[in-house]
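Asker: Residue numbers (my numbering): 26 to 411.
C-beta: ideal position from N, C-alpha, C; glycine also.
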Amino acid sequence: MNTGPAAKEGASGPVAVQADRGGADLVPTLLDGLRGTNPALVLLFGAKGEALAALHEALAAGLPADCIIVGCSSAGEIGPGGYSTDSVVAIGFPVRHFRAKTLTLPDLASLPVSDWMSRLRAMHRDFGADPSRRLFGLLLVDGLAGQEDALVATLDAALPSVPVIGGSAGDGLDFRHTSLLAEGQVRSNIAVFVLVETDLDITEVTFAHFSPTPTRAVVTSAIPEKRRILELNAEPAADEYARLTGLPRTSLTPTEFARHPLLLRMGRRHHVRAISAITDDGGLSLMSAIDTGTVLTLGRAEDMTRGFAEALEALPRPPLMVLAFDCILRRLALERAGLIGCMSDIYRRHRVAGFNTYGEQHSGMHVNQTFVGLAFMDPGGAGDAA
């Protein structure tokens, strides 16, 4: 497996390394790849449950004592060679350019918003950010808890001056159990927020490969707390969605959901309200919030590679790395189109690393079927040499 280069002493940007999840050399490979980074923060993507806990313990023993290690399970990984599965990606943020602090937000099911806001504001106050440096937040959240919409709204209200991006932890295509690592413990039903300061330049990168069609539908019955549509246009939701797409209901799979997304217009932009499954009662289970009375538009998939490459090439300078939260539905659409290799080439060329998610967070919103990333660039001008 392509693990990426080991970090040079005094590395100027984040360093991404990768190893096979079940390999005997997992820990040595990751530690060797991070050598020289002297990381203030390490993000781990791909391992879950007891394996994630054991990996944390082993890496913590080989990294600086004050290094923060957080991470989560995934629906796929993005490493130095592009898309992969059954691997672990570790991203080290060198202490000479980064400072970080982490906060666990527990009990997603009960939504203790007031407590979260108090703790977030106290964290920001105590962090003592340097006004001459850039400040941003990273959010990892249980992708099966269904509380991302409320969580990102809370973050946006508590820390309105801090740009926050993130991803929802995944479980392959099983949608059964996700794992998050924070403060040395692996748990579910939590979110992990990391406040980060850097002297590098940063630019957010977002891309969604869809456009609206003239076809619309009204949600005439829904269960908002379960993110479930019962009826579209006063018809059973799955049957009506099949009619609108022109597909037999028996052909409705995650891949087809990715090709024909439901879009919600907010302001001048459309955002995906992605479908994860057909429910036993003929409804549609979504990956984002939905309410009765919502007007949805059927989306059409557009070019997934050319536009994305253009967005990366439009960055002010070549990136040292792009931290990526990329929806699993985008990856499924790329697989169906035979474009995985092409996208992996783009990722490799622009140093993109991260994981495939059950949802993405940016600009105070929870979205789906979207690439959300943060590009790190040398403020002096040129990107670090390969």
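Under the assumption that ARG376 contacts VAL397 (Cβ atoms under 8 Å), give the Cβ distance between them as a whole number of angstroms.
Answerer: The Cβ separation is near 16 Å, so there is no contact.
Asker: In the structure shown, what three-state DSSP assignment does CYS367 receive?
Answerer: It is helical.
Asker: Compute the Euclidean distance between the alpha carbons of HIS446 and ASP181, then round it to the nearest angstrom.
Answerer: With the chain represented from 26 up to 411, any question about residue 446 goes unanswered, as that position is not in the structure.
Asker: Tell me which residue opens and which closes the beta strand (DSSP E) that ALA134 is part of.
Answerer: Here ALA134 belongs to no beta strand (DSSP E), and DSSP marks it neither H nor E.
Asker: Do you know how far the Cα of TYR383 is from the Cα of THR240?
Answerer: Roughly 26 Å between the two C-alpha positions.
Asker: What are the boundary residues of the alpha helix (DSSP H) that includes HIS81?
Answerer: Run containing HIS81: 74-87, per the alpha helix (DSSP H) assignment.
Asker: Using a threshold of 8 Å, state whether the C-beta atoms of PHE161 and PRO188 are closer than that.
Answerer: In this structure, PRO188 lies closer than 8 Å to PHE161 by Cβ.
Asker: Three Cβ pairs or more, each shorter than 8 Å: is that satisfied between the segment 196-205 and the segment 98-112?
Answerer: Yes: the two stretches touch, three or more of their Cβ pairs being nearer than 8 Å.
Asker: Straight-line CA distance for PRO279 to ASP151?
Answerer: When rounded, the distance between both Cα atoms is 44 Å.
Asker: Can LEU176 and ALA125 be called in contact, C-beta distance under 8 Å?
Answerer: Against a cut-off of 8 Å, the Cβ pair of ALA125 and LEU176 comes out as no contact.
Asker: In whole angstroms, give me the CA-to-CA distance for HIS387 and VAL230.
Answerer: Taking the straight line joining both Cα atoms gives about 10 Å.
Asker: So within the segment 331-385, which uninterrupted alpha helix (DSSP H) runs reach at least 4 residues, ignoring any that extend past its ends?
Answerer: Correct list: 331-338, 353-362, 365-374.
Asker: Measure the alpha-carbon distance for ARG46 versus VAL243 and round it to whole angstroms.
Answerer: Approximately 44 Å between the Cα atoms of the pair.
Asker: Identify whether ASP45 lies in helix, strand or coil by the three-state DSSP scheme.
Answerer: Reduced to three states, the DSSP call for ASP45 is strand.
Asker: Leaving out five residues before and five after PRO404 in sequence, what residues of the same chain have Cβ atoms less than 8 Å from its Cβ?
Answerer: These residues qualify, in order along the chain: ASP224, LEU225, ASP226.
Asker: So, under 8 Å CB-CB, ILE303 and LEU311 are touching, yes? Tell me the CB distance rounded to an integer number of Å.
Answerer: About 11 Å separates the two Cβ atoms, so there is no contact after all.
Asker: Work out the CA separation of GLU360 and VAL120 for me, nearest whole Å.
Answerer: Their backbone Cα atoms lie some 37 Å apart in a straight line.
Asker: Within 8 Å, do at least three Cβ pairs link the segment 312-330 to the segment 246-257?
Answerer: Contact holds: three or more Cβ-Cβ distances are below 8 Å.
Asker: Does the beta-carbon distance from VAL40 to THR54 come in below 8 Å?
Answerer: No, they are not a contact pair.
Asker: At which residues does the alpha helix (DSSP H) containing PRO239 begin and terminate?
Answerer: Element bounds for PRO239: not the alpha helix (DSSP H) but the beta strand (DSSP E), 235-248.
Asker: ASP264 by DSSP, collapsed to three states: which one?
Answerer: It is helical.
Asker: Might you give, ordered along the chain, the residues of its own chain that have their beta carbon closer than 6 Å to the beta carbon of VAL138, omitting 5 neighbours on each side?
Answerer: Answer for VAL138: THR179, listed in chain order.
Asker: Confirm, please, whether the CB-CB distance from PRO249 to ASP316 is below 8 Å.
Answerer: The answer is yes: Cβ separation under 8 Å.
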